[in-house]
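K.L.:
Numbering (the working numbering), first residue to last: 854 to 1108.
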């Protein structure tokens, strides 16, 4: 399919350890998919395999019906953007310059709307190294959206590794509301690693649960965020309630 990313049977070893074991996923336009799982489950590694940052030992990856390896770096950059958990950037550049880096595959300047929708317009003129961790995350999100921006909106596949980790409550809500709204247009897919199960349940259309490199559960939030499932794979004693405004489960730890 033109608007689908498919990975089949992905596996990866590091030394004698199997990090990802026979994982298959399908990412479709207009959806937000959350990767969840306990520490060491392989979430970030799977994200790097899906984006092409890592090469699997076995398995296939197809973007819009074409093998990932067959895409030129420039063409792939126009269809797929990645925001890693930590982006090492020490250059004393302005916020606008960092965001404009996302337009490198296009040879064009960034649309001012990107800064506005990500809440970065208030950071204009400031130097990137002087920003807080949360502000830097917002700028990196804007850079990624600028990379996929076409005809007034982002189009393609956006991969994010724990984008809410340094954000306060307001910007967590702002970011996830924004991603949900952008995917609703049908031209953008967001695949995001999240540690917060409640955020995943509230905002994701589909959830993939990893444990020790295996895909052990997948489906809607209602299908995956269940007490026996979370207890089995996280080992935590939890209770579930329904969100008061949405028919999705919310998790809290038992005392």
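In this text, a Cβ means the ideal position worked out from N, Cα and C, and glycines have one as well.
Could you give the residue range of the alpha helix (DSSP H) that holds residue 1102?
P.N.:
Counting along the chain, residue 1102 falls outside any alpha helix (DSSP H), though it belongs to the beta strand (DSSP E) covering 1102–1106.
K.L.:
With 16 other CB atoms within 10 Å as the buried threshold, where does residue 949 fall?
P.N.:
Label assigned to residue 949: buried.
K.L.:
Check residue 1056 in the structure and name its three-state DSSP category.
P.N.:
Looking at residue 1056 - three-state DSSP - the assignment turns out to be helix.
K.L.:
For residue 966 and residue 921, I'd like the C-alpha separation in whole angstroms.
P.N.:
Those two C-alpha atoms are separated by around 30 Å.
K.L.:
Hey, residue 962 and residue 953: beta-carbon distance below 8 Å or not?
P.N.:
Their beta carbons are under 8 Å apart, which means residue 962 touches residue 953 by this criterion.
K.L.:
Which residues in the same chain as residue 1036 place their Cβ atom closer than 7 Å to its Cβ, once the five residues preceding and following it in sequence are excluded?
P.N.:
Excluding positions up to five away in sequence, the list reads 883, 884, 885, 1042, 1043.
K.L.:
Taking C-alpha atoms, which residue in 1073, 1048, 917, 1098 lies nearest to residue 1009?
P.N.:
Residue 1009 has its Cα closest to that of 917, out of 1073, 1048, 917, 1098.
K.L.:
Spatial neighbours of residue 1029 within its chain, please: C-beta separation below 8 Å, excluding the five flanking residues on both sides.
P.N.:
Around residue 1029: 1017, 1052, 1055, 1056.
K.L.:
For the 8 Å Cβ check, are there 3 or more pairs between the segment 986–997 and the segment 889–909?
P.N.:
No, the segment 986–997 does not touch the segment 889–909.
K.L.:
Assuming contact is defined by CB atoms lying nearer than 8 Å, are residue 981 and residue 951 in contact in what I supplied?
P.N.:
In this structure, residue 951 lies closer than 8 Å to residue 981 by Cβ.
K.L.:
Distance check for residue 926 and residue 1046, CA to CA, integer angstroms please.
P.N.:
Distance between the alpha carbons of residue 1046 and residue 926: 24 Å.
K.L.:
What is the rounded straight-line gap between the Cα of residue 947 and the Cα of residue 977?
P.N.:
Spanning the two alpha carbons is a distance of roughly 8 Å.
K.L.:
Ends of the alpha helix (DSSP H) at residue 986?
P.N.:
From DSSP, the alpha helix (DSSP H) with residue 986 extends over 986–1001.
K.L.:
Between residue 975 and residue 1040, what straight-line distance do the alpha-carbon atoms span, to the nearest angstrom?
P.N.:
In a straight line, the C-alpha of residue 975 is about 28 Å away from that of residue 1040.
K.L.:
For residue 896, count neighbouring Cβ atoms within 10 angstroms of its own Cβ and tell me buried if that reaches 16, exposed if not.
P.N.:
So residue 896 ends up on the buried side.
K.L.:
Let's test the definition: count the other Cβ atoms within 10 Å of the Cβ of residue 1076 and tell me whether it reaches 16, buried, or not, exposed.
P.N.:
With fewer than 16 other Cβ atoms within 10 Å, it is exposed.
K.L.:
On the three-state DSSP scale, how would you describe residue 976?
P.N.:
If DSSP states are grouped into helix, strand and coil, residue 976 belongs with the helices.
K.L.:
If you follow the beta strand (DSSP E) that residue 870 is part of, which residue opens it and which one closes it?
P.N.:
Where residue 870 is concerned, the enclosing beta strand (DSSP E) stretches over 870–881.
K.L.:
Bridge partners for residue 1095 per DSSP, in chain order?
P.N.:
Its beta-bridge partners are 1102.
K.L.:
From this set, 1066, 991, 1034, 1101, which residue's C-alpha is nearest residue 1023's C-alpha?
P.N.:
Comparing Cα positions, the closest option is 991.
K.L.:
Am I right that residue 877 and residue 860 are in contact with their C-beta atoms under 8 Å? What's the rounded C-beta distance?
P.N.:
Contact flag correct, Cβ pair sits at about 6 Å.
K.L.:
Can you find a CB in chain C that lies within less than 8 Å of the CB of residue 867?
P.N.:
You won't find chain C in this structure, because it holds only one protein chain.
K.L.:
By Cβ distance, which residues of its chain are closer than 7 Å to residue 924, with the 5 residues on each side in sequence left out?
P.N.:
So the list reads 916, once near-sequence residues are dropped.
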